[in-house]
Amino acid sequence: MSFEIVGFETELDTDAALPPDCESDDHTVPISFEAFFPSSFMRLYTDAETFAEFMRDSPWHVTTLAEFEMIPEPDLDVYVDDRTEFRSWTEMLRAAGPDFIKRVQNH
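My numbering applies: residue 2 is where the sequence shown begins, and numbers increase by one.
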């Protein structure tokens, strides 16, 4: 099974629950940004309470995944470096991954 981070399709302020069929091995399970970066992660490693707040405070107006994907990664890296304990977006993703996997396994 693989995971794909998605977001902005639903209310950004909602801490989305994990997908109900996390046991499946035959398809990609879409994961919201809020599920991948829960409030506990955001409060610990960033200066925002939620991922939605993190993006609202950014220099970009982002309401869709397509808009998020249009952000140049070097620019996103600078923003992440300024607002988090991480030096880059990739580093932030890698830090959140193990916690997410634990939550999925315990679901």
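Even glycine gets a Cβ: it sits at the ideal position worked out from N, Cα and C.
Checklist entry - Helix, strand or coil: how does DSSP classify residue 79 here? => result helix
Next on the checklist: For the pair the segment 80-97 and the segment 37-50, tell me if three or more CB-CB distances fall below 8 Å.
Outcome noted: yes
Checklist entry - Is residue 99 helix, strand or coil when you go by DSSP? => result helix
Checklist entry - Given residue 61, which residues of its chain have a CB within under 6 Å of its CB, disregarding the five upstream and five downstream residues? => result 72
Item to check | residue 153 in three-state terms, based on DSSP | outcome: With the chain covering 2 to 108 only, the question about residue 153 has no answer from this structure.
Checklist entry - I think residue 59 touches residue 51, with their Cβ atoms under 8 Å apart; what is that distance to the nearest whole Å? => result Rounded, the Cβ-Cβ distance is 13 Å, inconsistent with contact.
Next on the checklist: Using the three-state DSSP reduction, which class does residue 63 fall into: helix, strand or coil?
Outcome noted: coil
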